[in-house]
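Visitor: From first to last, the protein sequence lines stand for chains A and B.
Using the numbering used here, you'd call the opening residue of the first sequence number 78 and step up by one each time.
Using the numbering used here, you'd call the opening residue of the second sequence number 948 and step up by one each time.
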Amino acid sequence: MTAGPITAQAHPWRGFYWLCRRECHRVIRLWTQTTLAPVVSSLLFIVVFGLSLGGRINQIDGFDYEIFIVPGLVAMAMAQAAYSNNASTIFQGRSDRFIDDVLAAPMHAWQMNLGYLVGGAFRALLIGGALAALAAPITGAPVEHPLLLLVALLLLVTGFGSLGTIVGIYAESFDHTSFINNIVILPLTFLGGVFYSVDRLGSPWEEISHANPLFYVVDAVRYGFLGTSDVGAAISFAVLAAMALALYAWAQYLFTSGRKLKP
Amino acid sequence: MQRPTNQALELRSLSKRYDDGTLALDALDLDVPAGRFFGLLGPNGAGKTTLISAVCNLVRPSAGELRVFGHPADCLEARRLVGVAEQEPNLDRFLTVYETLLYHGGYFGMERHEAEGRAEQMIDVFDLRAKREVRAPKLSGGMRRRLLLARALLHEPRLVILDEPTAGVDVELRHELWRYICRLHEQGTTILLTTHYLEEAEVLCEEIALIGGGRIIARDTADGLKERYDAASLEQVYLKTVASGRLAEEVA
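#1: List, in order along the chain, the chain B residues whose C-beta lies closer than 8 Å to that of Q169(A)?
#2: Do M155(A) and L230(A) come within 8 Å of each other at the CB atom, strictly closer than that value?
#3: DSSP puts G992(B) in a beta bridge; with which residues?
#4: Of the residues that make up the stretch 272-303 of chain A, which ones have a beta carbon closer than 7 Å to any beta carbon in chain B?
#5: Name the DSSP beta bridge partners of D1167(B), please?
#6: Could you tell me whether the Cβ atoms of L317(A) and L233(A) are closer together than 8 Å?
#7: CB E1147(B) to CB F985(B), shorter than 8 Å?
#8: Can you give me the C-alpha to C-alpha distance between G170(A) and E1174(B), rounded to a whole angstrom?
#9: Using 8 Å as the threshold, is the stretch 1057-1066 of chain B in touch with the stretch 108-122 of chain A, meaning 3 or more CB pairs across them?
#10: Whole angstroms are fine: how far does the CA of R1076(B) sit from the CA of T1136(B)?
#11: Where does L1101(B) sit, in a helix, a strand or coil, going by DSSP?
#12: Between T79(A) and N953(B), what straight-line distance do the alpha-carbon atoms span, to the nearest angstrom?
#13: So, using beta-carbon positions, are V1189(B) and I1164(B) closer together than 8 Å?
#14: Under the three-state reduction of DSSP, which class applies to E1035(B): helix, strand or coil?
#15: Can you pull the chain E residues whose beta carbon is under 8 Å from the beta carbon of K337(A), in chain order?
#16: Beta-carbon within less than 7 Å of P1104(B)'s beta-carbon, same chain only, minus the 5 sequence neighbours each way: which residues are those?
#17: How big is the Cα-Cα spacing for G205(A) and S250(A)?
#18: Taking a cut of 9 Å between CB atoms, which residues from the stretch 1044-1075 of chain B lie near chain A?
#19: Taking just the CA atoms, how far does Q1134(B) sit from E957(B)?
#20: Could you have a look at L230(A) and say whether DSSP puts it in helix, strand or coil?
#21: Return the CA-CA distance between R1040(B) and V1081(B), expressed in angstroms with no decimal places.
#22: Starting from D296(A), trace the alpha helix (DSSP H) in both directions and tell me its first and last residue.
#23: I need the straight-line Cα distance from A1001(B) to L1023(B), nearest angstrom please.
#24: Against chain A, with Cβ distances strictly below 8 Å, would V1006(B) count as a contact?
#25: Any Cβ of chain A within less than 8 Å of the Cβ of T1141(B)?
#26: Around the C-beta of L1181(B), are 16 or more other C-beta atoms found within 10 angstroms, so that it is buried, or is it exposed?
#27: Using 8 Å as the limit for Cβ to Cβ distance, is R1027(B) near chain A?
#28: To test your reading of the DSSP string, which unbroken beta strand (DSSP E) runs of 3 or more residues are found completely within the stretch 1070-1140 of chain B?
#29: Against chain B, does Y43(A) count as a neighbour if the rule is that its beta carbon must be under 8 Å from one of theirs?
#30: With respect to the alpha helix (DSSP H) encompassing S1009(B), which residues constitute its N-terminal and C-terminal limits?
#31: Compare the C-beta of Y1127(B) with all C-beta atoms of chain A and state if any pair is closer than 8 Å.
#32: So, do the stretch 155-164 of chain A and the stretch 268-287 of chain A have three or more beta carbon pairs nearer to each other than 8 Å?
#33: Along chain B, which residues have their Cβ under 8 Å away from the Cβ of R103(A)?
#34: If V1107(B) sits next to G1089(B), beta carbons under 8 Å apart, how far is it from one beta carbon to the other, in whole angstroms?
#35: Could you confirm whether any beta carbon from chain B is found closer than 8 Å to the beta carbon of A182(A)?
#36: Measure the Cβ-Cβ separation of V1161(B) and L972(B) and say whether it is below 8 Å.
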């Protein structure tokens, strides 16, 4: 006897919701490691570099030094958080193979990619929010363009969260995930003008700094906070958006094709 | 695209060659009728786990066609219909026993209250109540195996795949498990079992396929296989077919 195919109601949005929830749950469960530590270390930068040494440094772009460094530190902390979160959650899932439970589930590939991204964004926005809330009363840093700041931060977490996803998928060991953070993201962020304005460097270092993609990340976030930009806000936002979209598309390709995730 | 069928699984010329060149499935054809308790027996490296992983969308086949209840295996409807307990426990290290089950139900599209109720039910069925709030890495091997089985069955799949579910499991759990699985089978669930315990397969499976070198070597009921190969037990059939083939390959 031949019957019609058994129909099953797949509810991919429920799967997506539970994947987002799992990723946020992980961030909260490990809150001392995922949230508290980065907030404390960034706050120490503000206190040590800003308040202690700031008095000896002239204003930059019309802002006291302790105010000038806040946007860059927020951007750096959020970029590292979004990256580390996704790199570690995906690498652990692959290493222990519990990611199979997600890959076998009735969810679209784009929902899996976005679900993991939500976890990184959640962690980064928690840290960014806490830092901004603590730094504002200490330094008096303003928020000149709140909507543009929000756009810059969303592009930032999309880009760095996606980078974490990509590295988490390709990594063969935990060393690979921390290598990218320590050898690529951290130095490039420092050299991207977190603690100084690159137009003070002079040629050729100023031009070399413009080849650093992290410079545009810091510059866009700084424009949202302080309303000042080294190269023009439109250029910084365009570079940041292009970087975020390219990295997101790469991560999506890996989920859609199953490359490295499924042998 | 769906097509009418009475098969739980339809594999047509399914091949899988891994990046290192290993040919795990070699143009394999297999039908598993809906509602059947089906055994898949073969030595390590025969292609059993690759076949199972392909059905569960965890391996990308190199060629061929794979359908689950008439749906292409990679479509969402097919994935909702399959539950798998993999050979090695692969449990989320950040979740407790209860959360592992609840989140799995969520991933597979269950409503929250439905997943909550079902998680509690499976905790009782697999005697995990005392470990409800314990995270997976802190469970003993036997408890992890129980949780793995509970997770595979949580979303009430129509096709349950058990990849060596009783390996390293105590007698008590083995009996409990088979009692529960037999009850599910009586209710119409299709079971695909791989095991190295041939006596288990002989007792439980309505039909058995022997796999070797990525191909189906023989397929019949346990009695049919014994008759065909003039053997007194399934173990003898296994030795005459799969094991002798492997021995011949090794000698060659």
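Beta carbons: idealized from backbone N, C-alpha and C, even for Gly.
Guide: Looking at the atomic coordinates:
#1: R1040
#2: yes
#3: Note: G992(B) sits in no beta bridge, so no partner.
#4: Per Cβ criterion, the list is empty.
#5: I1155(B)
#6: yes
#7: 8 Å or more divides the Cβ of E1147(B) from the Cβ of F985(B).
#8: 47 Å
#9: no
#10: 26 Å
#11: helix
#12: At T79(A) the pLDDT is 41, less than 50, meaning the model places this residue with poor confidence and gives no usable figure here.
#13: yes
#14: DSSP places E1035(B) in coil when its eight states are reduced to three.
#15: Absence of chain E from the displayed structure is noted, the protein chains being A and B.
#16: L1028, V1029 and G1030
#17: 28 Å
#18: E1046, T1047, L1049, Y1050, H1051, G1052, G1053, Y1054, F1055, G1056, M1057, E1058, R1059 and A1062
#19: Looking at the backbone, the Cα of E957(B) and that of Q1134(B) are separated by about 22 Å.
#20: helix
#21: 10 Å
#22: Element bounds for D296(A): P290 to L303.
#23: 14 Å
#24: yes
#25: No - not a single Cβ of chain A is within 8 Å of the one on T1141(B).
#26: buried
#27: So yes, R1027(B) belongs to the interface.
#28: Whole beta strand (DSSP E) segments, 3+ residues: 1106-1110.
#29: Coverage of chain A is limited to positions 78 through 340, which leaves residue 43(A) absent and any answer about it impossible.
#30: Premise fails: S1009(B) is in no alpha helix (DSSP H) and is neither H nor E.
#31: no
#32: With a cut-off of 8 Å, the stretch 268-287 of chain A and the stretch 155-164 of chain A do not count as touching, because too few Cβ pairs lie within range.
#33: F1041
#34: Actually they are not in contact, since the Cβ atoms of V1107(B) and G1089(B) sit about 20 Å apart, beyond 8 Å.
#35: yes
#36: The sequence shown places Gly at residue 1161(B), rather than the Val named in the question. In contact: G1161(B) and L972(B) (Cβ atoms closer than 8 Å).
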